[in-house]
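The opening position of the sequence shown corresponds to residue 1 in UniProt numbering, with each subsequent residue numbered one higher.
The structure appears right after this line, and notes come after that.
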Amino acid sequence: MNKKIKNILYFGYALCISALISCDSDILDQIPKDNLTEETVWTDPQGATQFVNAVYGGMPSGFDRNYGGWAKGLYLLDGASDDGDVAIPWVHANQLQNGEFLPSNVPWGETWGDYYRLIRKTNAALENLDRLEDDVLRKRLMGETHFLRAFIYHELLRLYGLKSSGSEPTGVPIIDRTLAVDDNFQIPRATYDDTIDFIIDDLDMAASMLPAKGEIEEGRATIGAAYALKSRVLLYAERWAEAATAATKVTGYSLFPNYKDIFLTKNNNEIIFAKKFLAPDKIHFGTNNGFDVINSPRSFRGASDAGWGGNVPTQNFIDAYDMADGEPQSTSPLFDAENPYENLDPRFEATVVYNGSTFRGHVMEMYEGGFDTGTQPEFTKTGYNLRKFHEEQFPIYTKSSDQDWIFMRYAEVLLNYAEAKNEASGPDGSVYAAIKEIRQRAGITNPDLPAGLSKDEMREKIRNERRIELAFEEHRFFDIRRWKIAESLLNGPLIGVKMVKENDGTITYTRYEFETRSFPSKLYVLPIPQNEIEKNPAAKQINGW
Numbered sequence: 001m002n003k004k005i006k007n008i009l010y011f012g013y014a015l016c017i018s019a020l021i022s023c024d025s026d027i028l029d030q031i032p033k034d035n036l037t038e039e040t041v042w043t044d045p046q047g048a049t050q051f052v053n054a055v056y057g058g059m060p061s062g063f064d065r066n067y068g069g070w071a072k073g074l075y076l077l078d079g080a081s082d083d084g085d086v087a088i089p090w091v092h093a094n095q096l097q098n099g100e101f102l103p104s105n106v107p108w109g110e111t112w113g114d115y116y117r118l119i120r121k122t123n124a125a126l127e128n129l130d131r132l133e134d135d136v137l138r139k140r141l142m143g144e145t146h147f148l149r150a151f152i153y154h155e156l157l158r159l160y161g162l163k164s165s166g167s168e169p170t171g172v173p174i175i176d177r178t179l180a181v182d183d184n185f186q187i188p189r190a191t192y193d194d195t196i197d198f199i200i201d202d203l204d205m206a207a208s209m210l211p212a213k214g215e216i217e218e219g220r221a222t223i224g225a226a227y228a229l230k231s232r233v234l235l236y237a238e239r240w241a242e243a244a245t246a247a248t249k250v251t252g253y254s255l256f257p258n259y260k261d262i263f264l265t266k267n268n269n270e271i272i273f274a275k276k277f278l279a280p281d282k283i284h285f286g287t288n289n290g291f292d293v294i295n296s297p298r299s300f301r302g303a304s305d306a307g308w309g310g311n312v313p314t315q316n317f318i319d320a321y322d323m324a325d326g327e328p329q330s331t332s333p334l335f336d337a338e339n340p341y342e343n344l345d346p347r348f349e350a351t352v353v354y355n356g357s358t359f360r361g362h363v364m365e366m367y368e369g370g371f372d373t374g375t376q377p378e379f380t381k382t383g384y385n386l387r388k389f390h391e392e393q394f395p396i397y398t399k400s401s402d403q404d405w406i407f408m409r410y411a412e413v414l415l416n417y418a419e420a421k422n423e424a425s426g427p428d429g430s431v432y433a434a435i436k437e438i439r440q441r442a443g444i445t446n447p448d449l450p451a452g453l454s455k456d457e458m459r460e461k462i463r464n465e466r467r468i469e470l471a472f473e474e475h476r477f478f479d480i481r482r483w484k485i486a487e488s489l490l491n492g493p494l495i496g497v498k499m500v501k502e503n504d505g506t507i508t509y510t511r512y513e514f515e516t517r518s519f520p521s522k523l524y525v526l527p528i529p530q531n532e533i534e535k536n537p538a539a540k541q542i543n544g545w
């Protein structure tokens with residue numbers, strides 16, 4: 001074995017042990033540094049718990065995805081979908097929009113290695129947690145670790161794997177144990193189906209070990225989280241009946257009454273699994289909540305440097321909203337072309353900053369010459385900014401924000417069920433009921449979908465409902481790929497709106513093509529970063545990369 005590889009292996013395992021130190025300094029009061037050994041970590045309840053906590057903390061989310069390690073919250077993956085754009089011109093999402101990269105400079109390229117480092121930690125935990133004498137804690141931590149490993153492999157698979165009918169393996173390399181120095185490190189991709197089965201096995205194991213919501217502190221995996229993730233994984237795999245069944249096993253959760261406040265109310269009963277933050281964890285330049293700073297309109301920038309434009313909705317996305325009566329904009333009598341934002345689905349107001357709306361106490365002037373327009377790149381090109389996730393009661397440039405990033409919530413489970421059940425057996429009453437529950441919570445006056453829809457018609461309704469309900473929660477980026485519709489949506493212009501304020505005070509709205517995108521078919525999957533291929537040539541590129 002090459003000495004360099006040996007050193008990397010030993011150092012890597014040392015990182016697994018040392019990770020718990022950086023996670024919570026309180027553990028230093030329990031285990032002196034000079035006594036921190038493999039034995040003390042795995043036999044000590046605090047040490048073992050903090051080791052697993054390090055995996056939770058290492059999982060990237062929309063609130064802490066960074067650019068070069070120095071600024072957090074710069075972009076959401078939906079900024080590279082038809083729903084969004086990113087006003088900051090130099091961030092990764094803009095490369096993802098057009099495939100203007102190679103394996104040697106793939107956007108977000110550190111993700112592959114970061115995820116496998118987390119997998120190494122989960123494998124180490126699963127091999128050593130049996131040393132704990134506390135039966136209850138040991139079982140729970142084992143269940144959490146199986147869940148976390150499944151979650152990480154799911155993330156890897158939906159980024160770097162591809163459901164394919166071909167003979168080429170299109171899953172990801174499966175590593176289910178810590179590797180010894182004399183192991184073979186050339187690990188090929190597994191098949192897509194084998195990767196799915198591996199994830200499901202972990203989730204079934206997790207479900208058999210985990211407690212229910214309310215029986216454990218918030219932020220830790222539960223049996224509900226295991227079944228919710230199982231429903232999503234099986235949905236992506238198009239194992240429809242199994243996905244629907246998994247969704248029905250998610251119990252003990254409900255829709256939060258107010259859509260906007262889902263994302264601002266910690267630990268509410270809709271949240272199934274979230275990445276927990278305590279102020280000032282979501283930081284930018286070390287001092288504040290980066291997401292709010294970077295995603296506020298450019299016009300809010302002052303001495304604090306707040307207001308980078310960030311992620312902005314497109315007109316394509318705005319057009320997907322129904323009116324408040326539940327009818328599409330094209331057919332509803334409520335739609336008024338001269339006042340296009342009146343009487344829309346209430347989720348629009350909770351998601352989008354638009355001309356004439358009030359954001360952080362300021363009435364937005366997004367027409368030409370208005371206060372909230374300008375020539376700098378960070379001003380929105382689409383005519384909109386993002387409201388969702390913002391804690392408007394706090395000053396933008398503050399340490400106060402501590403809202404969590406929601407990985408899974410009950411509305412997604414209802415949508416997973418509706419899609420899976422419709423694909424498995426058509427639009428029965430349970431499919432209608434699941435969609436009605438979501439639309440009713442949104443405040444739509446007639447939340448019922450039209451009776452007698454065909455499977456194809458219901459499919460389109462479900463997809464649109466998913467688009468609106470889960471907007472900018474990093475589902476659309478993956479949904480249009482798994483549905484294989486990205487080529488039809490992202491090869492061509494995206495639409496924004498320009499506004500002119502007339503002398504009489506009325507606003508004229510004109511659609512325009514603000515950007516032309518290209519989506520080569522190879523973009524259905526990201527390439528493995530070239531430096532990772534050089535370490536493991538057996539993990540070959542797929543889909544034209």
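All C-beta atoms in this analysis are idealised placements derived from N, C-alpha and C, irrespective of residue type, glycine included.
Computed from a predicted model, the values in this text were never measured in an experiment.
### Message
Which of the three DSSP states is assigned to Ala274 in this structure?
### Response
Three-state result, Ala274: strand.
### Query
Using a Cβ-Cβ cut-off of 6 Å (strictly less than) and excluding sequence neighbours within five positions of Arg439, which residues of its own chain qualify?
Around Arg439: Pro447.
### Query
Which value, in whole angstroms, describes the spacing of the CA atoms of Pro377 and Tyr524?
If I take the Cα positions, the gap works out to 28 Å.
### Task
Rounded to whole angstroms, what's the CA-CA distance from His362 to Val41? Just pull it up for me.
Distance between the alpha carbons of His362 and Val41 is about 52 Å.
#### Entry: Distance, Lys535 Cα to Pro529 Cα
Pairing Pro529 with Lys535, the inter-Cα distance amounts to about 10 Å.
### Query
Three-state secondary structure (DSSP) at Leu494?
DSSP places Leu494 in strand when its eight states are reduced to three.
### Query
Ordered along the chain, which non-local residues of its own chain (more than five positions away) have a Cβ less than 6 Å from that of Lys230?
Within the same chain, Cβ atoms closer than 6 Å to the Cβ of Lys230 are found at Leu203 and Ala246, the five residues on either side in sequence being excluded.
### 9 Å Cβ cutoff met for Thr351 and Leu386
Inclusion of Thr351 and Leu386 in the CB contact set at 9 Å is warranted, their separation being smaller than that value.
### Task
Please report how far the alpha carbon of Arg177 lies from the alpha carbon of Glu127, in whole angstroms.
Arg177 and Glu127 have their alpha carbons spaced roughly 8 Å apart.
#### Entry: Inter-residue spacing [alpha-carbon to alpha-carbon] between Ala411 and Ile262
Spanning the two alpha carbons is a distance of roughly 11 Å.
### Query
For Trp108, does the three-state DSSP call read helix, strand or coil?
Under the three-state reduction of DSSP, Trp108 is assigned to coil, being neither helix nor strand.
### Message
Less than 9 Å between CB atoms is the rule here; does Gly496 satisfy it with respect to chain C?
### Response
This model lacks chain C altogether, as it is built from one protein chain only.
### Task
Please work out which residues of its chain come closer than 7 Å, Cβ to Cβ, to Tyr75, disregarding the five sequence neighbours upstream and downstream, and give them in chain order.
Excluding residues within five positions, the ones whose Cβ falls inside 7 Å are Arg65, Val86, Val91, His92, Ala93 and Asn311.
### Task
Spatial neighbours of Asp114 within its chain, please: CB distance less than 8 Å, with the 5 preceding and 5 following residues excluded, ordered by chain position.
Result list for Asp114: Gly58 and Pro60, in chain order.
#### Entry: Proximity of Arg409 and Ile216 at Cβ, strictly below 9 Å
In this structure, Ile216 does not lie closer than 9 Å to Arg409 by Cβ.
### Query
Touch check for the segment 226–242 and the segment 165–183: three-plus C-beta pairs under 8 Å?
Counting Cβ pairs under 8 Å, fewer than three are found: no touch.
### Query
In three-state DSSP terms, what is Asp79?
Rather than Asp, the amino acid found at residue 79 in this sequence is Gly. Gly79 falls in the helix class under three-state DSSP.
### Query
Do you know offhand how far Asn123's Cα is from Ala48's?
Looking at the two C-alpha atoms, the distance is approximately 13 Å.
### Message
Just to confirm my understanding: we take His390, look at its own chain, exclude 5 residues before and 5 after, and list those with CB closer than 6 Å. What are they?
### Response
So the list reads Asp292, once near-sequence residues are dropped.
### Task
Report all residues from its chain with a CB closer than 7 Å to the CB of Ala226; omit the five preceding and five following residues, and keep chain order.
The answer, listed in chain order, is Phe147, Leu203, Ala206, Ala207 and Leu210.
### Query
Which class does Pro527 belong to by DSSP, given the choice of helix, strand or coil?
Reduced to three states, the DSSP call for Pro527 is coil.
### Task
Would you tell me roughly how many angstroms separate the C-alpha atoms of Glu342 and Phe335, rounded to the nearest one?
Near 8 Å, if we compare the C-alpha coordinates of Phe335 and Glu342.
### Task
Work out the CA separation of Arg120 and Ala180 for me, nearest whole Å.
Going by the C-alpha atoms only, they are around 12 Å apart.
### Query
To the nearest angstrom, how far is it from the Cα of Gln315 to the Cα of Arg138?
Annotation: Gln315 to Arg138 spans about 51 Å, alpha carbon to alpha carbon.
### Task
With DSSP collapsed to three states, give me the class of Met209.
In this structure, Met209 counts as helix in the three-state DSSP scheme.
### Query
What residue does the beta strand (DSSP E) around Phe101 start on, and which one ends it?
Neither: Phe101 is in no beta strand (DSSP E) and is coded neither H nor E.
### Task
Check whether the Cβ atoms of Ser471 and Asp82 sit closer than 9 Å, and answer yes or no.
The sequence given here places Ala at residue 471; Ser does not occur at that position. For Ala471 and Asp82, no; Cβs fall outside 9 Å.
### Closest residue to Tyr321 among Gln46, Arg511 and Ala442 (Cα-Cα distance)
Minimum Cα distance to Tyr321 is reached at Ala442.
### Query
The alpha helix (DSSP H) with Asn422 in it runs from where to where?
Looking at the DSSP string, the run of the alpha helix (DSSP H) that includes Asn422 is Tyr410 to Ser425.
### Span separating the alpha-carbon of Asn105 from that of Gly496
Each residue's Cα considered, the two are about 30 Å apart.
### Message
Between which residues of its own chain and Gln30 is the CB-CB distance below 6 Å, once the five residues before and five after are set aside?
### Response
Summary for Gln30: the model assigns pLDDT 40, below 50, so the residue's position carries little reliability; its value from the coordinates is reported in the next sentence. Correct list, in chain order: Gln46.
### Query
Are the beta-carbon atoms of Glu423 and Arg459 separated by less than 9 Å?
In contact: Glu423 and Arg459 (Cβ atoms closer than 9 Å).
### Query
Is Tyr384 closer than 9 Å to Ile318 when the C-beta atoms are compared?
Taking 9 Å as the Cβ cut-off, Ile318 and Tyr384 qualify as a contacting pair.
### Query
Does DSSP put Leu344 in a helix, in a strand, or in coil?
Leu344 falls in the strand class under three-state DSSP.
### Query
If you drop the 5 nearest sequence neighbours on each side, which residues of the same chain put their C-beta closer than 6 Å to that of Gly166?
Within its own chain, no residue has a Cβ closer than 6 Å to the Cβ of Gly166 once the five positions on either side in sequence are excluded.
### Query
Taking just the CA atoms, how far does Thr445 sit from Ala324?
Our two residues, Ala324 and Thr445, have alpha carbons roughly 6 Å apart in a direct line.
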